[in-house]
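Letter by letter, the sequence shown follows residues 2 to 548 in my numbering.
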Amino acid sequence: MTNKEYADFLLPGNDKTIEDYEKMYPERNLPEGAIVTRYAPSPTGFVHMGALFAAFIESKMARQTNGVFYLRIEDTDQKREVENGVNGIITDLKNYGVTIDEGMTSESEWIGNYGPYIQSKRKEIYQTFAKYLIENDLAYPCFCSEEDLDNIRKEQETVKDRIGYYGKWARDRYLSREEVISKIEKGESYVIRLKSPGKFENKVVYDDLVKGKLELPENDMDIVIIKGDGLPTYHFAHLVDDHLMRTTHIIRGDEWLPSVPIHLQLFKVFGFKTPKYAHIAPLLKEDNGIRRKLSKRKDPEAAISYYHEKGIPLEAVLLYLCTVANSNFEMWYLQNKDKTVDDFKLEFKKISSSGSLFDVEKLLNISKNYISLLTAEEVYNKSLEYSERYDSELHDLLVKYKDYSINVFNIERNQKKPRKDLAMFSDVKKENWYMYDELFTNLEYNWDTITDMNEIKNILNTYVEKYFDENDDKETWFNKMKDLASSLGYAREVKDYKENPDNYKGHVGDISMVLRVALTTKTMTPDLYEIMKLLGKERIKDRISKL
Ligand code: GLU
């Protein structure tokens, strides 16, 4: 049996060579410095915030260098399969403005010339690469059962040696070809392992784009490259896919950092150019003064569906992710108000190597700012879109009172310091419900300084009878408020009251507060004059008379 026949015997069924694949997936013709990178999740059906953060960095790096960002689905662990798991990921990415140049566009379709972009459809490719190693005596079949591996581990523990399948402990590394053939003919199952050429005493030094220069022991483990089901392990698929898809940068979670020596070794045994690595630390959360990893299990804000359900605009999420990625973004954005995230140049070396804090409060502040700069029409459209899915009562009102609602959103909007009461579209109802009669029910009034109901009614009735004219401009309206105040024994100006508090029952502010609470139940609202303009005479009278 020649080496080639032996390799075909171990992994039968495909006569392509590495050269064939090199031709099928040629080097990309891209400008100097272009970054080709990917988001490579398992098909779990959703993206969590940590992964969105990585995907944001990946897509941004590709975009700003005129490179390529693609979505590859890593489904070699078939135990972790979820129905519709690819579509869920695609939808989440789309909802957050992360667009792909290549890769999966549905459960089974993709765009781009470097596919298939789903690993279960690449089995033959991996096997071709594994066969090359077998042919060159750099890989071999291993017949160890779980129990055999367990026994090796126990023995290593007893003699206090390093745990793992390496060197003299790599039992099946030393099987003769005849032994292998006879085992296979007997029907024994096997995996394919790398015959690691590394030495633990040696060090590999490499420069991580985020973590800096690192020195790690060389890999000497005979890692599994092809599993019993014929599919590759993560390590081997990483080598094959990222080589053939011509990935230049591997941007991934730092849980993969300890595997770097394995990956560098794999690229070396094939003689392929190694990609650059950028390992991203997990997002952190401050919990009772202690920083810990943002947890998919404990923290609702780790799920990106959370942002959708609350109606937090994706633009705000992206602005925040950019701030988390490079903290200098915030300053830059303040100084470049007319620009967007796309205009900012993200830098690897400014990404925190130990993990950045993910603070929802800060995100909501950014979101408040963002929404405050939208036009009333934009707020209306986004609220409509949000409520269509999450709040049918609000949606009906927005449809029924379109122009009115736009006017409501326009109060204190187009001005130097616009109102900032909306951090998310689920706040729209909370902040504006009193402008809709349909919602102005089951009321609880929050009277402020004046709480005596007789006095309140007296103020309101006098106002309606003697001072209220819906055609007044703002100045006249305010002067009348002062007239009303002085006619009832309150100071026209706050300052007069402060100078001689004993001379007055209160001041003009207390009077207008009574009106504000009567019309809205709230002590804090946007401009009362504007609110009254929109409510109109009949509804104002009606609200007052119902007290
Ligand atoms: N499928 C791997 C994961 O989900 C991808 C890691 C990588 O980007 O290489 O962790």
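All residues carry an ideal CB built from backbone N, CA and C; glycine is no exception. Note that the structure is a prediction, hence the values are computed from the model and not measured.
Min CB distance residue i to chain C below 8 angstroms
i	result
asparagine 455	Absent from the structure is chain C; it holds one protein chain and no more.
Distance between beta carbons of residue j and residue i, contact taken as under 8 angstroms
i	j	result
leucine 358	leucine 285	5 angstroms
leucine 347	methionine 62	6 angstroms
glycine 507	threonine 450	6 angstroms
glycine 312	phenylalanine 426	3 angstroms
isoleucine 367	tyrosine 437	Not confirmed; about 28 angstroms, so no contact.
leucine 245	tyrosine 22	6 angstroms
lysine 200	glutamate 219	6 angstroms
isoleucine 90	valine 37	Contact doesn't hold; Cβ gap of about 20 angstroms is too wide.
glutamate 108	asparagine 137	In fact, because the Cβ distance is near 37 angstroms, the residues do not count as touching under 8 angstroms.
tyrosine 446	valine 518	5 angstroms
alanine 55	glycine 188	At roughly 43 angstroms, the Cβ-Cβ gap does not stay under 8 angstroms, so alanine 55 and glycine 188 are not in contact.
Span separating the alpha-carbon of residue i from that of residue j
i	j	result
arginine 73	tryptophan 170	35 angstroms
proline 233	lysine 340	45 angstroms
valine 69	tyrosine 191	38 angstroms
tyrosine 530	threonine 463	18 angstroms
arginine 247	leucine 374	42 angstroms
glutamate 439	isoleucine 541	15 angstroms
isoleucine 126	glutamate 180	27 angstroms
tyrosine 115	glutamate 378	43 angstroms
leucine 139	alanine 8	11 angstroms
tyrosine 226	lysine 430	According to the sequence displayed, residue 226 carries isoleucine and not tyrosine. Their Cα atoms are separated by approximately 56 angstroms.
phenylalanine 273	tyrosine 391	51 angstroms
isoleucine 215	asparagine 203	At residue 215 the sequence reads leucine, which differs from the isoleucine that was named. For leucine 215 and asparagine 203, the distance between alpha carbons rounds to 14 angstroms.
arginine 163	cysteine 145	18 angstroms
asparagine 408	glutamine 336	31 angstroms
alanine 131	isoleucine 185	18 angstroms
glutamate 33	tyrosine 167	41 angstroms
arginine 544	tyrosine 435	11 angstroms
serine 177	tryptophan 257	34 angstroms
threonine 442	phenylalanine 349	54 angstroms
glutamate 156	glycine 229	25 angstroms
asparagine 30	arginine 123	24 angstroms
lysine 481	leucine 395	35 angstroms
threonine 521	threonine 66	53 angstroms
threonine 275	tyrosine 71	19 angstroms
histidine 250	glutamate 413	47 angstroms
alanine 35	asparagine 4	40 angstroms
isoleucine 532	threonine 100	41 angstroms
methionine 454	phenylalanine 479	23 angstroms
Residue from the options whose Cα sits closest to the Cα of residue i
i	options	result
glutamate 103	Asn96, Trp111 and Tyr97	Trp111
lysine 401	Leu385, Tyr391, Arg414 and Asn411	Leu385
aspartate 300	Asp288, His309, Glu310 and Lys311	Asp288
valine 325	Ile313, Ala282 and Lys338	Ala282
valine 1	Lys212, Pro314, Ala35 and Tyr97	The first residue shown for the chain is 2 and the last is 548, placing residue 1 beyond what the model contains.
phenylalanine 57	Tyr391, Ile252 and Lys496	Ile252
leucine 94	Ile457, Arg390 and Arg39	Arg39
proline 113	Ser177, Arg163 and Tyr26	As written in the sequence, residue 113 is glycine, which differs from the proline given in the question. That would be Tyr26, whose Cα lies nearest to the Cα of glycine 113.
histidine 280	Lys294, Asp223, Arg293 and Gly356	Gly356
phenylalanine 271	Thr92, Thr129, Leu315 and Ile412	Thr129
threonine 45	Asn88, Lys458 and Ser60	Asn88
isoleucine 263	Lys421, Asn152, Asp221 and Leu31	Asp221
aspartate 223	Leu134, Arg293, Met533 and Val160	Leu134
valine 318	Asn96, Asp16 and Asn4	Asn96
asparagine 415	Leu444, Asp404, Asp428 and Val380	Val380
tyrosine 549	Ile193, Met105, Leu12 and Lys481	For the chain, the structure presents residues 2 to 548; residue 549 sits outside this window and is missing.
lysine 403	Lys161, Glu389, Thr521 and Asn382	Asn382
proline 419	Pro198, Thr100, Asp528 and Thr92	Asp528
glutamine 120	Glu362, Leu267, Gly98 and Ser43	Ser43
glutamate 362	Tyr308, Glu28, Lys17 and Tyr387	Tyr308
phenylalanine 330	Pro117, Ile352 and Pro502	Ile352
threonine 526	Leu461, Glu456, Ile457 and Leu423	Leu423
asparagine 472	Gly537, Asp497, Asp16 and Met332	Gly537
valine 206	Pro259, Ile182, Arg298 and Glu59	Pro259
lysine 41	Glu28, Glu59 and Lys24	Note that residue 41 is alanine in the sequence shown, not lysine. The residue with the shortest Cα to Cα distance from alanine 41 is Glu59.
Counterpart residues of residue i in DSSP-defined beta bridges
i	result
phenylalanine 268	Phenylalanine 268 is not bridged to any residue.
arginine 39	Tyr71
alanine 492	His508
histidine 280	Arg253
tyrosine 141	Arg194
proline 233	Ile227
arginine 293	Lys286
glutamate 216	Val206
glycine 104	Leu72 and Ile112
alanine 304	His49
Proximity test, residue i beta-carbon vs the ligand ATP heavy atom, cut-off 7 angstroms
i	result
asparagine 327	With respect to the ligand ATP, the structure offers nothing, as its ligand set consists of the ligand GLU.
| Does the pairing of the segment 75 to 91 with the segment 232 to 249 give three or more beta-carbon distances under 8 angstroms? | Contact between the segment 75 to 91 and the segment 232 to 249 is present: three or more C-beta pairs spanning the two stretches fall below 8 angstroms.
| query | Would you say the segment 509 to 521 touches the segment 473 to 488, given that touching needs at least three Cβ pairs under 8 angstroms? | reply | Enough Cβ pairs lie closer than 8 angstroms, so yes.
| query | Are three or more beta carbon pairs between the segment 324 to 343 and the segment 392 to 407 nearer than 8 angstroms? | reply | No, they do not touch.
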